[in-house]
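Residue numbering for the sequence shown follows UniProt numbering, beginning at 1 and increasing consecutively. Glycine included, every Cβ here is placed at the ideal spot set by N, Cα and C. Report on one structure; see the data block that follows.
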Amino acid sequence: IKEERVNASKELNGPKASFDGDKKDFLEKIRKALYMSKICSYAQGFAQMRKASEDNEWNLKLGDLAMIWREGCIIRAQFLQKIKDAYDNNP
């Protein structure tokens, strides 16, 4: 992998300027942006499953699917518990 990074660094120019702002604040904004992108990804995925369930009359329980993923899949994010709770409160 190091060789690939070295080769890529010869082709791709990185930033030239150094960052002189509040590094802690900047990192917090990045963390929040990453969290929001995760929310968007899950929302899109669950919206697709809801649509497929409606179109095919599968009657999927989306909250239950979130728990199945959390317990029996590589996607074991604690965030899935929040998704299940949301579907329990508003199916």
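| Check | Outcome |
| --- | --- |
| Nearest to alanine 77 by alpha carbon, out of Ala66, Glu57, Tyr87 and Asp22? | Ala66 |
| How close, in whole Å, do the beta carbons of glycine 72 and aspartate 88 come, if the pair is a contact with beta carbons under 8 Å? | No, glycine 72 and aspartate 88 are not in contact; Cβ-Cβ is about 19 Å, not under 8 Å. |
| Leucine 27: buried (16+ other C-beta within 10 angstroms of its C-beta) or exposed? | exposed |
| Return helix, strand or coil for aspartate 19, following the three-state DSSP convention. | The question names aspartate, but residue 19 is phenylalanine in the sequence shown. In the structure shown, phenylalanine 19 sits in coil (DSSP, three-state: anything other than H, G, I, E or B). |
| If you scan the region 32-69 from start to end, which runs of the alpha helix (DSSP H) of 4 or more residues do you find wholly inside it? | none |
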